[in-house]
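In what follows, a single structure is set out as C-alpha cells and then discussed.
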Amino acid sequence: MHQWINALADHQSRGEACVLVTIIEERGSTPRNAGSKMVVSATGLFDTIGGGHLEYKALHIARQMLQEQRSTPHLERFSLGASLGQCCGGVTVLLFEPMAAVQAQVAVFGAGHVGRALVPLLAALPCRVRWIDSREQEFPALVPDGVTKVVSEEPVDEVASLPPGSYCIVMTHNHQLDLELTAAILKRNDFTWFGLIGSKTKRVKFEHRLRERGYDDAVLARMRCPMGLAEVKGKLPIEIAVSIAAEIIATYNACFGQHDAAANAGPIAQLLPSSRRSQTL
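Below is the structure:
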C-alpha cells in the first residue's frame with residue numbers, strides 16, 4: 001500500500017534522482033483516478049498509474065528527464081483512445097516532478113567549533129555528510145538529518161571509504177592529523193573539492209612537507225587552504241562556516257550535470273567573481 005511513498009522516501013534518503021508522476025486530471029474513462037502516482041528511477045518503477053501504453057509513455061518521458069537531468073516539472077496531456085490506442089478512450093493529464101539527486105557527498109573531518117557550525121549548514125543543502133572525529137564528546141547530542149556521525153580512533157582510515165568525487169573538509173584539532181588526512185586525500189586525488197582550514201603560512205608548511213613525500217605541484221594546487229570565500233568576512237565559527245559552505249555551493253553548482261565532476265573540477269578561482277580571481281592566481 002502506498003508503495004510510491006516508500007519508494008520516494010527511499011530514493012531521497014539515498015540521494016538518488018527519480019521522477020514522481022501524478023495523474024492530476026481525468027476526463028471520461030481512464031484506468032486510474034486523479035491523484036494516482038508512481039515513482040520512476042533510472043532502473044525501477046514503483047506503483048502504477050494504470051499500466052498499458054499510457055504508463056509506457058510516462059516511463060519513457062520520466063527516464064528521458066532523468067537522463068537530461070531536468071529540474072523543472074513537466075505537464076503532458078494524453079488522449080487514451082486517439083493517441084495511445086487504449087480502449088478506455090478518456091483523457092489524462094500527467095504531472096512529472098523531478099526529485100533531484102544529492103549534488104554533493106561531503107566528508108567533514110573535525111567536530112570542533114567550526115565543524116559544529118558548518119555541518120548544520122551542509123545538512124540544509126542537497127548534500128550527504130559524513131562527520132568524522134575521534135572524540136565522541138565533541139559531537140552534539142542531536143545530529144542533523146542527512147548526516148552520518150563517524151567516531152573513529154583512526155580518522156585517516158576513513159578516507160579510503162569515501163565515494164569518488166567527494167567534497168573533503170579537514171578541520172581537526174591536531175595539525176599532524178590534518179597533515180596525514182591531507183596526504184591521504186591528495187593521494188587518492190579523485191575528490192571534487194578539498195579544503196583545509198588554516199592560514200597561508202600553514203599551507204606553505206604543508207606543501208613543503210608534502211613535496212618531501214613526493215607530491216607534485218599539480219596535486220598540491222587542488223588543495224584549498226585557506227578555504228572559503230574571502231568576500232564572507234569574519235572570524236567567528238559561524239562566519240567561517242558560511243564562507244566554506246558558500247564555496248562548496250559555488251563548486252557543486254559549477255560541476256552539476258558533469259558525469260565525472262572530480263575530473264572536470266578546475267581551480268576554484270574559475271568559479272569566483274573577477275575581483276576575487278585576481279587574488280587567487
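Mapping of the sequence shown onto full-length UniProt numbering: residues 1 to 281, in sequence order.
Cβ coordinates follow ideal geometry from the N, Cα and C atoms, glycine included.
All values reported here derive from a predicted model rather than from experimental measurement.
Bridge partners for Thr22 per DSSP, in chain order? Along the sequence shown, one-based indexing puts residue 22 at 22. In DSSP, Thr22 forms a bridge with Lys37, Leu95.
Measuring only the C-alpha atoms, how far is residue 284 from Leu94? The structure shown does not extend to residue 284, since the chain spans only 1 to 281, so no value can be given for it.
Option in Thr92, Gly44, Ala117 with minimal Cα separation from Arg32: On the sequence shown, residue 32 is found 32 positions in, with the first residue counted as 1. Looking at the Cα atoms, Thr92 is the closest of the given residues.
Measuring CA to CA, which of Ile24, Glu25, Glu16, Met38 is closest to Ile5? Here residue 5 refers to the residue found at position 5 when the sequence shown is read from its first residue. It is Met38.
Buried versus exposed, by CB contacts within 10 Å (16 or more), Ala34: Reading the sequence shown from its first residue, position 34 is the one you call residue 34. Classification of Ala34: exposed, given that the 10 Å Cβ count is below 16.
Output yes or no for whether 8 Å exceeds the beta carbon distance between Met65 and Phe109. The residue you call residue 65 lines up with position 65 of the sequence shown. The residue you call residue 109 lines up with position 109 of the sequence shown. No, the Cβ-Cβ distance between Met65 and Phe109 is not below 8 Å.
Can the beta-carbon of Val159 be found closer than 8 Å to that of Arg188? Position 159 of the sequence shown, counted from the first residue, corresponds to residue 159. Position 188 of the sequence shown, counted from the first residue, corresponds to residue 188. Yes, the pair counts as a contact, with Cβ atoms nearer than the cut-off.
Note the first and the last residue of the continuous alpha helix (DSSP H) segment covering Val119. Numbered from 1 along the sequence shown, position 119 holds the residue referred to as residue 119. Where Val119 is concerned, the enclosing alpha helix (DSSP H) stretches over 113 to 123.
To the nearest whole angstrom, what separates the beta carbons of Ser41 and His74, a pair I think is in contact under 8 Å? Start at 1 with the first residue of the sequence shown, and residue 41 comes out as number 41. Start at 1 with the first residue of the sequence shown, and residue 74 comes out as number 74. At roughly 17 Å, the Cβ-Cβ gap does not stay under 8 Å, so Ser41 and His74 are not in contact.
Taking Phe139 as part of the beta strand (DSSP E), name the residues at either end of that continuous run. Taking the sequence shown and counting its residues from 1, the one referred to as residue 139 is at position 139. It is not in any beta strand (DSSP E) - Phe139 carries neither H nor E in the DSSP assignment.
In whole angstroms, what is the alpha-carbon distance linking Pro120 and Pro144? Here residue 120 is taken as the residue at index 120 of the sequence shown, counted from 1. Here residue 144 is taken as the residue at index 144 of the sequence shown, counted from 1. C-alpha separation (whole angstroms): 6 Å.
Which of helix, strand or coil does DSSP assign to Glu207? In the sequence shown, counting from the first residue as 1, residue 207 sits at position 207. Residue state, collapsed to three classes: helix.
Residue from Asn174, Pro126, Thr148, Arg213 with nearest C-alpha to Ala245: Stepping through the sequence shown from its first residue, residue 245 is reached at position 245. Of the listed residues, the one whose Cα sits closest to Ala245 is Pro126.
Over the uninterrupted alpha helix (DSSP H) stretch that includes Thr182, give me the two end residues. Along the sequence shown, one-based indexing puts residue 182 at 182. That run of the alpha helix (DSSP H) goes 175 to 188.
Taking only the alpha-carbon atoms, compute the straight-line gap between Glu76 and Met99 and give it to the nearest angstrom. As a first step, residue 76 is located in the sequence shown; it is residue number 76 there, counting from the start. As a first step, residue 99 is located in the sequence shown; it is residue number 99 there, counting from the start. Near 18 Å, if we compare the C-alpha coordinates of Met99 and Glu76.
Euclidean distance between Cα positions of Lys149 and Ala124: Here residue 149 refers to the residue found at position 149 of the sequence shown. Here residue 124 refers to the residue found at position 124 of the sequence shown. Rounded to whole angstroms, Lys149 to Ala124 spans 16 Å at the Cα level.
In this structure, how does DSSP classify Gln105 when only helix, strand and coil are distinguished? Counting from one through the sequence shown, the residue named residue 105 turns up at place 105. Strand.
Proximity of Leu45 and Glu97 at Cβ, strictly below 8 Å: Against the sequence shown, residue 45 aligns to sequence position 45. Against the sequence shown, residue 97 aligns to sequence position 97. Going by C-beta atoms, Leu45 is not nearer than 8 Å to Glu97.
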